[in-house]
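**Student:**
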Amino acid sequence: MGRGVAAHRNARVDAGRGDGHRGGGRRRRRDGHGAGRRCARRTLCLGNPRGQTGPPARLTSGHARRLCHNRNVTSHGPPTSRSGRIAALLVIAAAVCFGTTGTAGALGAGDASALSFGAARIVFGGALLAIIALGIAARSRRGTDGTAPAYPAASGDRTGAAPPNTAPTNAAPPNTAPAHTTPTNTVRPHLPARVRLPALGLVAIGAVGVAAYQPAFFTGTRENGVAVGTLVALGSAPILTGLIEWAVRRRPPGRRWALATAVAAAGVAALSGVFGADSGAASVTGLGLAGSLGAGASYAVYALSSKLLLDRGYTPSAAMGATFGTAAVIMLPVLLTSNLNWLGQPGGLIATAWLAVVSVALAYTLFAIGLQTLTASRAATLTLVEPLTATVLGVLLLHEHFSPSIVAGLVLLVAGILILTTGRRLA
Numbered sequence: 002m003g004r005g006v007a008a009h010r011n012a013r014v015d016a017g018r019g020d021g022h023r024g025g026g027r028r029r030r031r032d033g034h035g036a037g038r039r040c041a042r043r044t045l046c047l048g049n050p051r052g053q054t055g056p057p058a059r060l061t062s063g064h065a066r067r068l069c070h071n072r073n074v075t076s077h078g079p080p081t082s083r084s085g086r087i088a089a090l091l092v093i094a095a096a097v098c099f100g101t102t103g104t105a106g107a108l109g110a111g112d113a114s115a116l117s118f119g120a121a122r123i124v125f126g127g128a129l130l131a132i133i134a135l136g137i138a139a140r141s142r143r144g145t146d147g148t149a150p151a152y153p154a155a156s157g158d159r160t161g162a163a164p165p166n167t168a169p170t171n172a173a174p175p176n177t178a179p180a181h182t183t184p185t186n187t188v189r190p191h192l193p194a195r196v197r198l199p200a201l202g203l204v205a206i207g208a209v210g211v212a213a214y215q216p217a218f219f220t221g222t223r224e225n226g227v228a229v230g231t232l233v234a235l236g237s238a239p240i241l242t243g244l245i246e247w248a249v250r251r252r253p254p255g256r257r258w259a260l261a262t263a264v265a266a267a268g269v270a271a272l273s274g275v276f277g278a279d280s281g282a283a284s285v286t287g288l289g290l291a292g293s294l295g296a297g298a299s300y301a302v303y304a305l306s307s308k309l310l311l312d313r314g315y316t317p318s319a320a321m322g323a324t325f326g327t328a329a330v331i332m333l334p335v336l337l338t339s340n341l342n343w344l345g346q347p348g349g350l351i352a353t354a355w356l357a358v359v360s361v362a363l364a365y366t367l368f369a370i371g372l373q374t375l376t377a378s379r380a381a382t383l384t385l386v387e388p389l390t391a392t393v394l395g396v397l398l399l400h401e402h403f404s405p406s407i408v409a410g411l412v413l414l415v416a417g418i419l420i421l422t423t424g425r426r427l428a
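Using our numbering, the letters of the sequence shown correspond one by one to residues 2 to 428.
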């Protein structure tokens, strides 16, 4: 009798797998888990009940779907709509911090050249991020805060957990349920083999992108004027980020992203004044256009390298500290060879402190936390809030002229951001 009941149960499980059941294939394709497939994050979904070890039991597609989605996690770990909106708010907050750079320079370092000011921002801000990252890493190694290490282990274990076949010294009894822990970054996203670069290579590429942005941007504004140079640099950054990400990920950013980027780029054009009466005063040169496009490409390279580091399990502090610390070393000769008289003035010191703490350390930490959930292309489009912030601060604090084109630009920028952030699936 017992064997008959067991056989009947096994037959029902086999039917749920789709073996000989006409609806099994449809359920497997619709669920994404696959009927009868082991849940890829069973430890996260079930918490390994009653301290059991060994291979997880086979779950039907309905069980796996309900258990995983109760915790907003699937076998592939897609972020929820709520987490995507929170990440978008973090990136927008970072862009607001970025937008204070020009106002801080105008108020506190009016005598500084643009290149010297930009180099100081990267050197001091990058050094601060590197110090913060080293402090967090040292604290994690000592285990004083109970968090995962800031840097992944050399063996490839990104969670800092013990190897599966290694028993800890103070192991719990077999019938004692261990404390529930949530593993982080246990599933790597699929990447083509050609982009699986070493971590040091990604850090170097990102640092070069950060350092190259400053001279490229100022070359574009010097040759073609502030309006055209800013428009091409800021407008091309999200477009180039989306195209490069498409090539790397082999997945297009989506129509909503394209529409939002187009609307926001039109807003940047209106804010820059290229449609105004003086739009034809400055001639567009090839060198200036190359510099502005190079600035946009530099931003795209930095954003994508940071995203790849975060996808590999590196914490935001580790990824930003390594990237900007290296960029600070690259930009140090540029800073030392420029005129530094403005740094000896009280206003220059206050502006430098603001740059290091707010527009670099705080801003890029918020950006990296949001980038953990968002794609690089969407994050790049959201950072177009930066010129919006700079324009509002310029009107309020620097008493700049508030023209109808500025109003149109602000409306278009806000519309582009709303288009991107009001979708059902943001992340």
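Think of the CB as a built atom: it goes at the ideal place given N, C-alpha and C, for glycine as much as any other residue.
Given this structure, state the Cα-to-Cα distance separating L201 from L311, to the nearest angstrom.
**Tutor:** If you take the alpha carbons of L201 and L311, they lie about 13 Å apart.
**Student:** Starting from the Cα of F125, find the closest Cα among L385, A357 and A95 and give me that residue.
**Tutor:** Checked all of L385, A357 and A95; the closest Cα to F125 is A357.
**Student:** Taking only beta-carbon atoms, is G106 less than 8 Å away from chain B?
**Tutor:** Of the protein chains in this structure there is only one, and it is not chain B.
**Student:** Using 8 Å as the threshold, is the segment 358 to 365 in touch with the segment 117 to 131, meaning 3 or more CB pairs across them?
**Tutor:** These segments touch.
**Student:** Give the straight-line distance between the Cα atoms of L235 and G274, rounded to the nearest whole angstrom.
**Tutor:** Computed Cα separation, rounded: 14 Å.
**Student:** For the alpha helix (DSSP H) holding R142, just list the boundary residues, first then last.
**Tutor:** Per DSSP, R142 belongs to the alpha helix (DSSP H) from A115 to R143.
**Student:** If you drop the 5 nearest sequence neighbours on each side, which residues of the same chain put their C-beta closer than 8 Å to that of V412?
**Tutor:** Correct list, in chain order: G268.
**Student:** Taking the alpha carbon of L90 as the reference point, which residue from V396, V386 and S404 has its own alpha carbon closest?
**Tutor:** Closest by alpha carbon: V386.
**Student:** Distance check for Q346 and E246, CA to CA, integer angstroms please.
**Tutor:** Near 43 Å, if we compare the C-alpha coordinates of Q346 and E246.
**Student:** Which word fits S237, buried or exposed, when buried means at least 16 other C-beta atoms lie within 10 angstroms of its C-beta?
**Tutor:** By the 10 Å Cβ count, S237 comes out buried.
**Student:** How far does the alpha helix (DSSP H) with L272 in it reach, from first residue to last?
**Tutor:** Taken as a continuous stretch (DSSP letters only), the alpha helix (DSSP H) holding L272 covers R256 to S273.
**Student:** Considering just the uninterrupted stretch of the alpha helix (DSSP H) at W343, what are its terminal residues?
**Tutor:** It is not in any alpha helix (DSSP H) - W343 carries neither H nor E in the DSSP assignment.
**Student:** Does the segment 374 to 394 come within contact of the segment 244 to 261, defined as at least 3 CB pairs closer than 8 Å?
**Tutor:** A contact exists between the segment 374 to 394 and the segment 244 to 261.
**Student:** Helix, strand or coil: which one does DSSP assign to T102?
**Tutor:** Note: T102 maps to helix in three-state DSSP.
**Student:** Leaving out five residues before and five after E401 in sequence, what residues of the same chain have Cβ atoms less than 7 Å from its Cβ?
**Tutor:** Within the same chain, E401 has close Cβ partners G395.
**Student:** From I93, S299 and A391, pick the residue whose C-alpha is nearest to that of T104; which is it?
**Tutor:** The shortest C-alpha separation from T104 is found at A391.
**Student:** Can you list, in chain order, the stretches of the alpha helix (DSSP H) that have 4 or more residues and sit fully within the segment 203 to 265?
**Tutor:** Taking only runs of at least 4 residues, the alpha helix (DSSP H) segments lying wholly in the segment 203 to 265 are 227 to 250.
**Student:** On the CB-based measure, 16 or more other CB atoms within 10 Å of its CB, does I137 come out buried or exposed?
**Tutor:** Result: buried.
**Student:** Report all residues from its chain with a CB closer than 7 Å to the CB of I370; omit the five preceding and five following residues, and keep chain order.
**Tutor:** Counting only Cβ-Cβ distances below 7 Å, and skipping sequence neighbours, we find L91 and P317.
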